[in-house]
Amino acid sequence: MTLNDFFSYGFIGTYVYKHTDFSEWWHMGLIVLGVVLCIIVPYLLGSINFAIVISKRWYGKDIREFGSGNAGMTNMMRTFGKSAAGFTLLGDALKAFVAGFFGYAVLGQYGVYIAGLFCIMGHIFPIYYRFRGGKGVVTAYVSILMCNPFVFLILLVLFVLIVLCTRYISLGSIMCMLLYPVLLDRMEKIFNGATGAYVIIAMLIAALVIFMHRENIKRLLKGQENKFSFKKSVKTENEKKKDE
């Protein structure tokens with residue numbers, strides 16, 4: 534197997550498409566197995582919510598009981614500070630990276646898109662935490678990076694510019710998710726001459742993340758959305774003792 538085979542088809546895809554004539558029923562069964570693996574394994578990885586783990590282990594609190602109630606990096610920053618947010622970001626990024634690599638290994642390009650979608654679903658609806666997780670922004674961005682680095686870089690620049698100008702992380706996330714399927718569609722047509730099925734998955738990812746920001750959209754329209762700040766609002770037990 535060449536490196537190109539790995540990233541294009543994965544182990545299962547390479548075997549089916551390059552070493553068989555796809556005439557046997559079990560060849561299709563292998564593809565179905567690959568799709569199932571790219572759904573289940575990334576979903577279980579995505580369900581490991583580092584905001585919840587870190588807030589409980591380090592601070593003895595559940596991040597979902599503070600601030601916006603969201604189990605994600607931004608709420609960790611506002612509630613517990615930069616260190617907690619940084620480790621949350623690292624954990625959420627790592628699980629999306631592992632899920633994406635797994636998708637490549639199983640079914641190549643199609644596998645990484647499927648894996649990305651279900652890793653995000655796991656983050657938002659984690660089976661380990663009663664299906665109440667985060668909004669999937671970091672996981673979505675790393676999944677996009679794994680799928681198409683060029684599209685990721687464009688979206689990252691736009692996100693940074695929007696946040697720097699407005700200090701609304703939610704606005705940056707929403708705008709980039711709106712642009713993601715459109716941008717991917719343009720890139721597919723430019724480089725491949727046609728739009729692939731990847732764009733459909735991109736639309737699902739965008740719709741899912743935007744749906745999770747529905748309350749943010751309402752607050753933005755009313756001018757009540759919180760602006761991003763590096764200050765934290767909850768003190769640790771040691772900090773409380775120092776104050777006393």
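In short: position in the sequence shown from 1, add 533, done, that's this note's numbering.
Don't be surprised by glycine CBs; every beta carbon is placed ideally from N, CA and C.
Since this is a predicted model, take the numbers as computed values, not measurements.
Asked: In three-state terms, what does DSSP make of Met534?; Found: coil
Asked: Are Leu717 and Ala735 closer than 7 Å when you measure CB to CB?; Found: yes
Asked: Are the beta-carbon atoms belonging to Phe635 and Ala648 less than 7 Å from one another?; Found: yes
Asked: Pop quiz: Ala584 and Met610 are said to be a contact at Cβ under 8 Å. What is the actual Cβ separation, rounded to whole angstroms?; Found: That belief does not hold up - the Cβ atoms of Ala584 and Met610 are roughly 10 Å apart, past 8 Å.
Asked: Give the single residue among Ile564, Ala618, Lys668 whose Cα lies nearest to the Cα of Ser588.; Found: Ala618
Asked: My parser needs the alpha helix (DSSP H) runs of 4 or more residues fully inside the region 614-665; what are they?; Found: 615-657
Asked: For the region 561-579 against the region 650-665, do three or more pairs of beta-carbon atoms, one drawn from each stretch, fall closer than 8 Å, so that the two count as touching?; Found: yes
Asked: Using 7 Å as the threshold, is the C-beta distance between Val639 and Ile733 below it?; Found: no
Asked: By Cβ distance below 6 Å, which residues in the same chain neighbour Leu570 in space, the five residues on each side in sequence not counted?; Found: Val639
Asked: Assuming Gly567 contacts Gly644 under a Cβ cut-off of 8 Å, what Cβ separation, rounded to an integer in Å, is found between them?; Found: 7 Å
Asked: Quick one: grab the DSSP three-state call for His746.; Found: coil
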